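In our numbering, the protein residues as written are 1 to 565. Built from N, CA and C at the ideal position, the CB exists for glycine as well. The structure displayed is predicted, hence computed values, not measured ones.
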Amino acid sequence: MSVMGVRLVHEPSTSDRAAIGITHLRIDAAAWNPGYAFRFLRLREASLSWGVHSQAVRICALRCAVCRSPMHNEASLGTPFGRIANLRSVARSVIVASLVMPILPPAALHAQPVVVQQVGSNPGADTLRNPPVLRNLSSRPHTVEVNIVAAPARISVLPGRLTDVYAYNGSIPGPTLEAREGDRVIIHFHNKLPEATTVHWHGVHLPANMDGSPFDPVAPGGHYDYIFTIPRGTAGTYWYHPHPDGRSEYQAAMGLFGAFIVRAADDPVANLPEKLIVLSDNRFRPDGSIEFADSNSTQADVDMENGREGPVLFVNGQIRPSIPIRSGEVQRWRVINASAARVYRLAVSGQTVLHVGSDDGLFEHAVERKDILVANSERVELLVRGTGQPGSTAQLTDLPYDRYMPQTRPADWNTPHVLLDLRYGKQAVRTPVTLPATFRVVPALDTASATVTRTVVLSQGMINGHTMDMSRVDMHASVGATEIWDVENVVGMDHPFHLHGFQFQVLDRNGVPEPFRSWKDVVNIPKHEAVRFIVRYADFPGKWMFHCHILAHEDHGMMAVLEVR
Ligand SMILES: [Cu+2]
């Protein structure tokens, strides 16, 4: 097998470092993308400063990114830059470049973004507010017609400050789009931003030219009518966000995201009180402006690798609001992870929750959970039972979850974050709530009907060894075909994987069968793990994106194109 290129992973060995001042590097063979990889190498160079006293580096393992088997046991780079065995010259030159660059102090690796203290905020004091709901302009039956404008705005995001943002109809989150199964949805979209954008209706099964993909940008000052019909059986919690080529992270960080709720005529839990919970995070300068890392800073490299995270966590644009609940009450929560990179592990203190739905609607049966992982762009539906005593308080908390490479893992990664407070009223509910035994039928896609099994390899920044090329089609499929996708993550951080246009069912994770069926459009692929899902391209020919939903990775080309014909 030939070596296509290299990617360096820092693996310091304490004994070697102490003995001979050598820092170990593991090298994963992967397709080579000089621009992208070079940015990662700047991190490696910073990592080297921990252990390198001489300029000697021993390369202790060379592994194939596809089959993961060791390819060569030893290659040495002597002092100063001697022999490198079995590597292409391009790789050699970059290793050398990584060594000759100035060495940063280790602390710079974990440079913390500017944190704005939550002055004036009184945890739990503000009751959770819903984003406004878009007004339906149509009087025709089964039709939802709305206006959405993306424009710069100056609004209060932090207490006592004004922040320049991008917003849909002037609010963050944007207004909620509500429709029913079978509705014809007409969205008159106007782009008043100073840059091109799109609106992607995340998870919805619709024609390719209505998907808001990077193929259909809306120029500054331009407009686009998104028109589609919502298929029956697809009630669920969706969302919308920008998806322009290379600018999704910036535009989402500036405030562009909103909820899209599709309701069923026969919703089995329509009687329960419902809360919409849109999770986002951001980073600010002391003056309240949104902070983006300078392009040549270490923070920019950390943001590139982790995706951009911020220390201020928002629920529906509020900082630690509260939800009133009564003992004995059961609430339905629709949770959307609209963060650009942050993965949440949600738990309600002192109680379990019932997990009743995922990205594209309800399960057949509830699953009881102590905590639940929600990767970015994933959604969950939860039933939260008021098991606390009248007058007590509980918290919805984001628990630690290590999705990171060791080199760029944030210093505070294992600190839990309280997202909101659950405040019990003084009076209990008298009548107990009865939940349906079956929420809805989720028919299984038949694996025997799958005609193709595709292997999709996620490496750092690449899919199947390539970065995105808008003029290239990476995979072809036929309308009506059923296929199995085997998505393998060969690197040491999680990548949430999103397929546009077609909902799928996870078959197994690392060979372990999925314990229940659900419709999904994004699935987190943990570090060095693999997930198989089954999908049917029922209709809508065209070019469809599939990509990592860490927006920094997507923007820098961790994306590919499936053409359905
Ligand atoms: Cu990724």
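- Taking 8 Å as the cut-off, one finds no heavy atom of ligand 1 near enough to the beta carbon of residue 492.
- Within the segment 292-378, the runs of alpha helix (DSSP H) that reach at least 4 residues and sit entirely inside it are, in chain order, 298-306.
- Three or more beta-carbon pairs drawn from the segment 301-320 and the segment 277-290 are found closer than 8 Å, and the two stretches are therefore classed as touching.
- Of all alpha-carbon atoms in 363, 166, 153, 185, the one lying nearest the alpha-carbon of residue 135 is that of 185.
- Using a cutoff of 8 Å, the CB of residue 558 counts as near ligand 1, since one of the ligand's heavy atoms is closer than that.
- Fewer than three pairs of CB atoms, one per stretch, sit closer than 8 Å, so the segment 291-299 makes no contact with the segment 391-409.
- Excluding its 5 nearest sequence neighbours in each direction, residue 534 has C-beta neighbours in its own chain below 7 Å: 445, 447, 450, 482, 484, 504, 505, 507, listed in chain order.
- The nearest non-hydrogen atom of ligand 1 is less than 8 Å from the C-beta of residue 496.
- At a threshold of 8 Å, residue 466 does not count as near ligand 1, since its beta carbon sits no closer than that to any of the ligand's heavy atoms.
- For secondary structure counted as the beta strand (DSSP E) over 3 or more consecutive residues, the segment 517-543 holds these complete runs in sequence order: 522-525, 530-536.
- By the C-beta criterion, the segment 463-478 is judged not to be in contact with the segment 373-393, since fewer than 3 inter-stretch pairs fall below 8 Å.
- If you keep only unbroken beta strand (DSSP E) runs of at least 3 residues inside the segment 402-470, you get 417-424, 452-459.
- Judged by beta-carbon spacing, residue 145 lies beyond the 9 Å limit of residue 172, meaning their Cβ atoms are not closer than that value.
- For residue 270, the secondary structure class from DSSP, reduced to helix, strand or coil, is coil.
- Residue 193 and residue 253 do not touch by the CB rule: their CB atoms are close to 13 Å apart, not below 8 Å.
- Cβ atoms of residue 268 and residue 440 come within 8 Å of each other, at about 7 Å.
- Apart from sequence neighbours up to five positions away, the residues of its chain that approach residue 455 with a beta-carbon distance below 6 Å are 486, ordered along the chain.
- Annotation: the continuous alpha helix (DSSP H) that includes residue 249 extends over 248-253.
- As the crow flies, the alpha-carbon of residue 346 is around 20 Å from that of residue 129.
- The Cβ atoms of residue 333 and residue 260 do not sit closer than 9 Å to each other.
- Within its own chain, the residues whose Cβ lies closer than 6 Å to the Cβ of residue 227, once the five positions on either side in sequence are excluded, are 186, listed in chain order.
- Its Cα nearest to that of residue 206, the residue 539 stands out among 539, 553, 554, 557.
- Distances from the alpha-carbon of residue 285 to those of 175, 532, 163 put 163 closest.
- The nearest non-hydrogen atom of ligand 1 is 8 Å or more from the C-beta of residue 246.
- Secondary structure note for residue 507: its beta strand (DSSP E) is the uninterrupted segment 504-509.
- Assignment of residue 164 by DSSP, reduced to helix, strand and coil, places it in the strand class.
- When DSSP reads this structure, residue 148 sits in a beta bridge with 189.
- In its chain, beyond the 5 residues on either side, 307, 341 have a beta carbon closer than 6 Å to the beta carbon of residue 550.
- The nearest non-hydrogen atom of ligand 1 is 8 Å or more from the C-beta of residue 528.
- Annotation for residue 142: 180, 182, 183, 184 place their beta carbon closer than 8 Å to its own, counting only its chain and skipping 5 residues before and after.
- The Cβ atoms of residue 328 and residue 432 sit closer than 9 Å to each other.
- DSSP places residue 486 in the strand class (E or B) of the three-state scheme.
- By the 16-neighbour rule on beta-carbons within 10 angstroms, residue 197 is buried.
- If you look at residue 178, you'll find it in the beta strand (DSSP E) that goes 174-180.
- Judged by DSSP in its simplified three-state form, residue 282 adopts strand.
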